[in-house]
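Reminder that position 136 of the sequence shown reads as 132 in our numbering, one-by-one numbering, no gaps.
Here the structure is laid out as structure tokens; the discussion comes afterwards.
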Amino acid sequence: MRVSEYGNFRARVAAMGGAREALDTTQKQLASGHRFSRPGEDPAAMSRLVRIERYEGDLERYRSNIQFGEGMINTANDAYQAIIAVLNDARTTANMMADSFQNGERQSQAETVQSMLDSLKALANTQFDGLFVFGGHLNASAPYIEDPVAPQNIAFIGDDGALEVDVAEGSRVRINHNATVGLNGGNGGVNIFELTEQLRDSLAADDQTAIQNTLDEWEQAIDQVTQAQSDLGANFKRLQTHKQINAVFKVELERTRSSLQDTDFAEAASELSLRQTAYEASLASSARVQGLSLLNYM
């Protein structure tokens, strides 16, 4: 009989302890705003939260890459736009100086074209965040320099390396343009520097025929730089697309994180009331059985 009474006593104490622990848990959830504070309280949810944190870290890296890529592309695009303006000015000068009535005035324009050449060089050495946007992989130093053999001309010492950034799992986007094609006459195009140098030298020599020989190439030069802008624009749109997709994914991750981790306050408040009632009932029941009020000892 004594064993039975002792067993009943232990059962009542255990019930009170369980009710108190459940009450404490709910109170902590309301106070902290989190469903659990230790991994062991919900291992499955904690495992998912760890994965979510990893995904969020990846998304932050992609966001930073996309932001950098946007800056690179916008800077290169602006430089190309300014280069087109200089080429248009050079073409206008070439067309004017190709006319016979300009005899005797051509040499005075050679210095003007030299200034255009200087502008082209400066624009081709445009930088973003310390990198030369038209240098390819060799972007730590200026890719366009004075030709060591002919200092009055311009030489290219960069390369055609592609700069790519991760924008999503398994997806990369190129954020620079191949200057060999856009500016240097690669793939059968026009070297805009050599063309401008040719115009300058022809003006200095007052060589009308040589000037006329450049006229068709100005349009080609402008078209190829415009095409380079178009290529950059296509890659910029790819960055924007991934930026939008990643933003949606981030919202979904935040929603999932909240459902796993955050306390539902309405539900927790209701549960707190129920658990408070259950705890008080266990105390009252034990007090009646033992013939004393345990509340006096709490």
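Cβ atoms here follow ideal geometry from the backbone N, Cα and C, with glycine treated the same way.
- As DSSP reads the structure, Ser167 sits in a beta bridge with Ala164.
- Two segments are said to touch when three or more pairs of C-beta atoms, one from each, lie closer than 8 Å; by this definition the stretch 65 to 84 touches the stretch 110 to 125.
- Given a length threshold of 4 residues, each whole run of the alpha helix (DSSP H) inside the stretch 182 to 250 is given here in chain order: 188 to 200, 204 to 208.
- The C-alpha of Ile141 is placed about 35 Å away from the C-alpha of Arg59.
- One thing to note: Asp155 has its Cβ within 8 Å of the Cβ of Gly132.
- Annotation for Ile80: no beta strand (DSSP E) segment contains it, though the alpha helix (DSSP H) segment containing it runs 39 to 93.
- Ranked by Cα distance from Glu66, the first of Leu113, Ser104, His173 is His173.
- Separation of Asp203 and Ser137 (C-alpha to C-alpha, rounded to the nearest whole angstrom) is 37 Å.
- Of the candidates Glu215, Gln216, Gln194, the residue whose Cα lies closest to the Cα of Ile207 is Gln194.
- Within the same chain, Ile62 come within 6 Å of Lys239 by CB-CB distance, once the 5 residues on both sides are set aside.
- DSSP, read as helix, strand or coil, puts Ala158 in coil.
- Residue pairing by DSSP puts Asn180 in a beta bridge opposite Asn187.
- Per the DSSP secondary-structure output, Leu127 pairs in a beta bridge with Phe124.
- Check the Cα spacing between Glu160 and each of Ile150, Val145, Ala201, Val129: the tightest is with Val129.
- For the pair Asn231 and Arg168, the CB atoms are not nearer than the 8 Å cut-off.
- Of the residues assessed, Gln220 falls on the buried side of the cut-off, its CB having 16 or more other CB atoms within 10 angstroms.
- Taking C-alpha positions only, Lys246 is separated from Ala40 by approximately 21 Å.
- Taking all protein chains shown into account, Ser198 has 16 or more neighbouring C-beta atoms within 10 Å of its C-beta and is therefore buried.
- Looking at Asn70, Gln216, Phe189, Ala243, the one whose alpha-carbon comes closest to that of Gln123 is Asn70.
- According to DSSP, Ala151 shares a beta bridge with Ile141.
- Contact between Ala200 and Ala106 holds: their C-beta atoms lie close to 4 Å from each other, under 8 Å.
- Counting only residues of its own chain and dropping the five nearest sequence neighbours on each side, Ala158 has a CB closer than 6 Å to the CB of Arg170.
- In the three-state DSSP reduction, Glu101 falls in the coil class, being neither helix nor strand.
- The beta carbon of Asn187 sits closer than 6 Å to those of Asn180, Gly181, all from its chain and outside the five residues before and after it, given in chain order.
- Less than 8 Å divides the Cβ of Thr192 from the Cβ of Ala86.
- Of the candidates Glu56, Asp54, Arg102, Arg102 places its Cα closest to the Cα of Thr205.
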